[in-house]
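Here the structure is laid out as C-alpha cells; the discussion comes afterwards.
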Amino acid sequence: MAFDIDVIKSVYDRMPERVKAARELLGRPLTLSEKILYNHLWENPVSQNFKRGADYVDFAPDRVAMQDATAQMALLQFMQAGRPQAAVPSTVHCDHLITAQNGAEEDLNTANNESKEVYDFLASVSNKYGIGFWKPGAGIIHQVVLENYAFPGGMMIGTDSHTVNAGGLGMIAIGVGGADACDVMAGLPWELKWPKLIGVKLTGKLNGWTAPKDVILKVAGILTVKGGTGAIVEYFGEGVTSMSCTGKGTIANMGAEIGATTSTFGYDDSMERYLRSTGRADVADLANGIREHLTADADVYANPEKYFDEVIEINLNELEPHLNGPFTPDLATPISKMKEVAAANGWPTKVEVGLIGSCTNSSYEDISRAVSLAKQVSEKNLKTKAEFTITPGSEQVRYTIERDGFLDTFDKIGAKVFANACGPCIGMWNRMGAEKQEKNTIVHSFNRNFAKRADGNPNTYAFVGSPELVTALAIAGDLTFNPLTDTLTNENGEQVKLDPPTGDELPSNGFAVEDAGYQAPAEDGSGVKVAVDPSSKRLQLLDPFQAWEGTDLKGMKLLIKAKGKCTTDHISMAGPWLKFRGHLDNISDNMLIGAVNFFNEKTNEVKNQLTGQYGAVPHTQRAYKAAGVGSVVVGDENYGEGSSREHAAMEPRHLGVRAVLVKSFARIHETNLKKQGMLALTFADKSDYDKIQENDNIDIIGLTEFAPGKPLQMVLHHDNGTSETITVNHSYNDQQIEWFKEGGALNIIRKSVR
Ligand code: MIC
Ligand code: SF4
C-alpha cells in the first residue's frame, strides 16, 4: 500500500466538484495545471479567476519533502513554531552529504562517521515531529519521492529546486526555501504568485539515440535559464504518452534549469504502469477512477494557443541528441554540430570522465539503456577511453540493477559505482587531481553545470547529456563523437559503429530491495529530546533577526556589484561548505565568494570602504557588521538562479546586508530573501546598473510608506561628491511587507507561539 493513501483519497474525492466549479467560474475548459491549482486552494469554494503572473494566492499542499542539506535550516525554523507534529505528511532524505570517492560502501561509512551529528539531529527531529526519515544510502530525495510519494494530481513542496521531478507523475511539485516548508508544516497556507502557463506539444516519437533528456535540453536551449520564470510548463501530445513515466520525470526535473515554477504531464498509461510496478496499485486504481480530471480538458490540447501564454512544439522524430554546456545548462548543441562548435570555442574535446545517474537520470530505463552500450564494449572489442561512474538514485533501483546484472556489465568497463546520493552532482566528489585546476572536459547526465560545481575546479568544462550519450562519449573518450554517424577504432584496428541503445522501461521481474532505508517516526514524539550542542561546528540554534528600525535606510556601503551569472552556487557554494548547512554563522564565511566583482573582475575580492583595503567578501561584510554599517549587494539578470538553498538569503541577512538590488531575480531566491526580512529590489531601469560605483554610499528612501506596487527610491552618493537618485521596484505584497517589518517571517510565527 502507498504511504498516506488517505491524503490521496481525499484529494481525489474533492477534485471533481472543485474542477467543475473552477470550469464554471472561468467559463472555459481547463488545463491540467489549473485543475490541480484550483483543487489545492487554501480557501474554497473557488471565487476568483486569478490573474496569471500577478495575483498572490494561498495554497494547501498535500506534502513536504526535505533533503539533509536544506532540512537542517528548515527544521531549525520549524522547531520554533511550537507544533507537536508536522501538519502535513513530510519526509527528510539524507542524500547531499555523502562524498563520492572510493565507491558506495566505503563512502557511505565515511559519511556516517563525518556527519553523524547532523544525521542524528535530523533523525531525532523527524522522530519527534512525525516526519518520515530516509537514512543515508536510501537514495536521492527526488527518486525516492517519485517511487514512494508522488501521485497524479497532487501538490507538494520541497526544499530543493528539483522537487519538480515529481511532475513526471502528474503532480504540481514546487521547490521552495526552508521557511516556506516550515510554514506548511506549521499548518499555515503556502503562497505563490498564480503562474503563467507554457504548453509544450511533443509530436512524433523518441527513437534511436534520442532520449527524454534531449527534450529538456532542447527546451532549455529555446527558453534559456530564465525563460520559464513564474510559469508552469505543461507537456502534451503523442510524444508524451509514448514516453515512460521516469522519462517524464527527467524532463520535469530539469525544468528547474529554465527557472520554471514546475512542469507537469497529464495522467496516462505510463504513469499507471509506474505506480503499479512501484507497489502502488491502490493509487493507480484511485487515479483511474477520476482519470478525466487528471489531465487537461480535450479542447486545451487541441487548441493550445487559446489556453497557454506560450506554446512550443517539438517534433521528436527530428530531435537530435544534445549536449548542453559548458558552465550553463541552456547552451544547447546538437551532437552533429559539436565538432564545429567545440573547435570554434576552444573547448577541450578529450572526455576525461563520463558520469551517469543523479536525481534526474537514474531510472531503471536509463540504466538499462546505458548498459546496452556498455555491453557493446566487449562485444565489439572496444576499450572505454574515459573514466566512468554511476550514482544510482535510490537503493531500490540499485538493488534491482544489481540483481539484473547491470552493475556487472558496468564493472567490466571499469566503472565505479558511487553511493545512492548526490555526490559529484553537487561537488561532493573527491576527484583526484582537481586541485591542479587543469582545463578538462567531463560529460554527465546531471542537470547543472555551473563553474566549479562538480569537482571545485573552475577549469572543468561540464557538458550535460542523456545517460546514453554520456556512456557513448565515455567509451569514445571524445566530445565530438557522433554515435549516429561516426565509427570507433577497436582493439583489432577495425572500424566499428555503436548500435543505438535499447532498454526496458520497467524491470520485467519487478523492483526489489532488501532495506529501502526508511525509518518511520514515533507515534507520539512528545518525549523525544532534540539536543544541539552549543559548541557544535555543524549545528547552531537560530537567533531571531532584528526587526526593521522603522526608518529609511541611510549611509549603507556597496558590498559588491556582481557581474554576470550569479547563481546560488556563486552566493553560497555547496561541496565543501555543505557541512555547515546547519550552522548559520559558519556557513556565512562562504557568502558570495564565487561572485565576480564588477570593478576588478575577480572573485572574492572587494573593497572595504572603511579601510580602503581589498579583502574577501565575507570578511569585508563582517567588518561592516562590526562597525554597525549596513550594506547593499548589486547583481545582474536572474540573480539567485539554481538552488532553493535559503542560506543564500540567510547569510547576507545574518551578516548585516540590508538590500539586494538586481536586474532580475530567480523565483525561489527572491522569495527566500523576502522570507528572511531582506529587501529584494529590482532596477526600474536596468541601465541604472551602470550608475553603481565602487565607493558608493547608499540610501533607500520610501520605506515608511512601503506598499505593494509602490516603487522605492535609492540615492547613490558617489565619492566625487555628486549623487544620483534611481527608482527601484519590488514585488512585495502586504504580508511580505510585514515579514520585512518584523525582521523575517519566522519572527511572526514565533510571536504567535508566545
Ligand atoms: C542543487 O541541485 O543545487 C541542490 C544542491 O540540490 C540544491 C539544494 C541545496 O543547495 O541544498 C537545489 O537544487 O535546491
Ligand atoms: Fe542532488 Fe544533484 Fe539532484 Fe540537486 S540536482 S538533488 S544535488 S542529484
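First residue of the sequence shown: 1267, per this note's numbering; consecutive thereafter.
Glycine is no exception: its CB is placed at the ideal position from the N, C-alpha and C atoms.
Can residue i and residue j be called in contact, C-beta distance under 9 Å?
i, j, result
"H1983", "S1989", "yes"
"T1594", "V1619", "no"
"P1587", "E1380", "no"
"Y1395", "P1787", "yes"
"Y1501", "L1468", "yes"
"K1718", "G1860", "yes"
"F1344", "A1452", "yes"
"L1388", "Q1338", "yes"
"G1743", "T1650", "yes"
"D1721", "R1697", "yes"
"I1407", "H1428", "yes"
"T1516", "N1627", "yes"
"V1900", "L1927", "yes"
"S1392", "V1358", "yes"
"G1878", "E1871", "no"
"A1370", "V1683", "yes"
"M1537", "D1426", "no"
"P1749", "A1738", "yes"
"L1945", "A1445", "no"
"D1321", "L1363", "no"
Under a Cβ-count criterion, where at least 16 other Cβ atoms within 10 Å of its own Cβ denotes burial, should residue i be classed as buried or exposed?
i, result
"Q1812", "exposed"
"W2005", "buried"
"T1948", "buried"
"P1974", "exposed"
"L1876", "exposed"
"N2044", "The first residue shown for the chain is 1267 and the last is 2020, placing residue 2044 beyond what the model contains."
"P1311", "exposed"
"T1512", "buried"
"P1570", "buried"
"V2019", "exposed"
"A1416", "buried"
"L1807", "exposed"
"A1892", "exposed"
"A1280", "Rather than Ala, the amino acid found at residue 1280 in this sequence is Arg. Exposed, because fewer than 16 other Cβ atoms sit within 10 Å of the Cβ of R1280."
"I1488", "exposed"
"G1841", "buried"
"A1610", "exposed"
Quick one: is the Cβ of residue i within less than 8 Å of any heavy atom of ligand 4?
i, result
"Q1662", "In the structure on display, ligand 4 does not appear, and the ligands it does have are ligand 1 and ligand 2."
With distances taken from CA atoms, which of the options is nearest residue i?
i, options, result
"L1463", "L1621, E1300, P1311", "E1300"
"E1867", "E1504, K1492, K1459, I1826", "I1826"
"D1270", "N1310, P1355, R1349, A1326", "P1355"
"G1545", "E1789, T1817, S1792, N1775", "N1775"
"S1390", "L1850, L1597, L1342", "L1342"
"F1931", "Q1785, S1910, L1921", "S1910"
"A1925", "V1330, V1994, G1689", "V1994"
"Y1955", "C1691, G1830, Y1533, N1723", "G1830"
"E1383", "A1828, N1852, V1798, Y1905", "V1798"
"D1324", "D1962, P1461, D1535, S1624", "P1461"
"D1361", "K1845, R1804, N1756, F1531", "K1845"
"E1653", "P1600, D1770, I1708, P1766", "I1708"
"I1302", "K1401, G1419, G1348, A1366", "G1419"
"T1527", "G1623, S1508, G1424", "G1424"
"N1725", "P1592, W1400, A1352, E1631", "P1592"
"M1822", "G1922, R1284, I1524", "G1922"
"H1885", "I1853, G1908, E1907", "I1853"
"V1549", "P1749, Y1727, F1729, K1275", "K1275"
"T1495", "E1936, S1953, D1449, I1958", "E1936"
"E1217", "S1634, M1694, I1692, V1643", "Any property of residue 1217 remains undetermined from this structure, which presents the chain solely from 1267 to 2020."
"G1436", "S1510, P1455, G1470", "S1510"
Based on the DSSP secondary-structure assignment, which residues constitute the bridge partners of residue i?
i, result
"S1660", "G1405"
"A1738", "DSSP lists no partner for A1738."
"G1968", "DSSP output for G1968 lists no bridge partner at all."
"Q1979", "I1967, T1993"
"H1306", "H1306 pairs with nothing; no bridge assigned."
"F1949", "V1994"
"Q1785", "F1399"
"V1899", "I1826, V1926"
"T1528", "I1498"
"W1456", "F1325"
*Where the beta carbon is closer than 6 Å to any heavy atom of ligand 1, which residues qualify, in chain order?*
A1335, T1336, H1362, D1426, S1427, H1428, G1441, I1692, R1714, A1840, G1908, S1909, S1910, R1911
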